[in-house]
Amino acid sequence: YIKRDVDETDAERYQTVYAKHNGSVAAPTAGLHFTPEIFSRLKEKNIQTDFVTLHVGAGTFKPVNAETMENHEMHAEYIDVTIEFIENLILNLNNTIVAVGTTSLRTIESLYWMGVKQSPVSNLQSAVGNPELCVSQWEPYENDDNTISAADALNALLKWMKKNKLNRLVGKTQILIAPGYKPKIANALITNFHQPQSTLLLLVSALIGEGWKSVYEFALENNYRFLSYGDGNLLFFNR
258 YIKRDVDETD AERYQTVYAK HNGSVAAPTA GLHFTPEIFS RLKEKNIQTD FVTLHVGAGT
318 FKPVNAETME NHEMHAEYID VTIEFIENLI LNLNNTIVAV GTTSLRTIES LYWMGVKQSP
378 VSNLQSAVGN PELCVSQWEP YENDDNTISA ADALNALLKW MKKNKLNRLV GKTQILIAPG
438 YKPKIANALI TNFHQPQSTL LLLVSALIGE GWKSVYEFAL ENNYRFLSYG DGNLLFFNR
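Residue numbering for the sequence shown follows this note's numbering, starting at 258 and increasing by one per position.
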């Protein structure tokens with residue numbers, strides 16, 4: 258959708274200031290809004306920041322052409338988080354947790370389901386002994402009985418990592434966040450405006466309900482920019 262030749266500055270502009278690891282086929286575009294100055298201002302307001310890795314795959318851009326969600330296949334993507342991040346997440350479960358971008362949100366929510374596998378009261382098959390944990394596309398919808406809290410799930414995951422002497426969790430997630438999904442950990446999302454027939458628009462609809470239509474109508478009426486270099490918005494979830 259950028260109708261021009263590639264420029265040398267694109268390699269720098271199409272990258273977050275905090276990127277570290279090669280692996281994604283695309284930048285997490287919500288993160289493009291952040292600068293060192295913004296991070297400094299967040300720190301001044303006692304807003305903590307922490308980082309996760311999700312290697313965006315080409316499947317993220319696969320349009321939803323199926324008539325029903327059940328016939329759309331999500332591609333699995335690698336996630337990588339440190340044990341310190343999970344510990345920090347547990348300490349802040351009573352605070353507002355804002356995911357910067359849909360990739361961060363999918364990573365954080367996947368940690369819940371990975372933790373559920375390790376919970377002694379879970380009916381899901383345990384992945385103990387396998388450091389490469391996975392979350393399938395439909396797992397949250399097939400097992401959402403609301404009996405395991407975010408704290409219990411993350412503590413179970415933390416206990417499993419310590420038992421297996423892991424300081425990083427590397428796994429795969431195929432999670433599809435769509436209407437019917439209830440967020441387990443995150444409370445809000447910073448994201449850009451997405452295009453029709455995308456799983457990302459399904460994600461926004463799942464988090465804020467029918468209100469997504471008025472949000473997008475307002476953006477269109479006020480000439481907000483869409484897609485990768487577009488405007489960002491902060492969405493607080495329906496609970």
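Beta carbons: idealized from backbone N, C-alpha and C, even for Gly.
| Asked | Found |
| --- | --- |
| Does the Cβ of L289 have 16 or more other Cβ atoms within 10 Å, making it buried, or fewer, making it exposed? | buried |
| Classify P293: buried if its beta carbon has 16 or more other beta carbons within 10 angstroms, exposed otherwise. | exposed |
| Below 8 Å, how does it come out for the region 462-478 and the region 416-430: are there three or more Cβ pairs, yes or no? | no |
| Can you pull the DSSP bridge partners for N480? | Its beta-bridge partners do not exist; DSSP assigns none. |
| With DSSP run on the structure shown, which of helix, strand or coil describes R261? | coil |
| Go through its chain and collect everything with a Cβ distance to I347's Cβ below 8 Å, but skip five positions before and after it. | A408, L411, N412, L415 |
| Under 8 Å between the Cβ atoms of V309 and S361? | yes |
| Going straight from the alpha carbon of G386 to that of N479, what length do you get? | Because G386 sits at a pLDDT of 45, beneath the cut-off of 50, its placement in the model cannot be relied upon, and the following sentence gives the value as read from the coordinates. Approximately 53 Å between the Cα atoms of the pair. |
| Decide if the region 476-494 is in contact with the region 268-288; the criterion is three or more beta carbon pairs, one per stretch, under 8 Å apart. | yes |
| Would you grab the beta carbon distance between L457 and P436 for me? Rounded to a whole angstrom, and I think it's under 8 Å. | The pair is not a contact, with the Cβ atoms about 13 Å apart (cut-off 8 Å). |
| So E334 is in the beta strand (DSSP E); what residue range does that whole segment cover? | 334-339 |
| In chain order, which beta strand (DSSP E) runs of at least 3 residues are fully inside the region 441-496? | 445-449, 489-493 |
| Check this for me: beta carbons of F493 and A476, under 8 Å apart or not? | no |
| Classify K277 as helix, strand or coil using the three-state DSSP reduction. | coil |
| Using a Cβ-Cβ cutoff of less than 7 Å, which residues in the same chain neighbour F296 once the five nearest sequence positions on both sides are dropped? | T306 |
| Within this structure, are the beta carbons of V338 and G314 separated by less than 8 Å? | no |
| Please check the pair S376 and I405, which I expect to be a contact at CB under 8 Å, by giving their CB distance rounded to whole angstroms. | 5 Å |
| Thinking just about the alpha-carbon of each residue, which of M418, V357, N352, K441 is nearest to the one in E366? | K441 |
| Could you have a look at V355 and say whether DSSP puts it in helix, strand or coil? | strand |
| For I349 and K374, I'd like the C-alpha separation in whole angstroms. | Residue identity differs from the one stated: residue 349 is Asn in this sequence, not Ile. Between N349 and K374, the C-alpha separation is close to 22 Å. |
| Buried or exposed, going by whether 16 or more other CB atoms sit within 10 Å of the CB of R298? | exposed |
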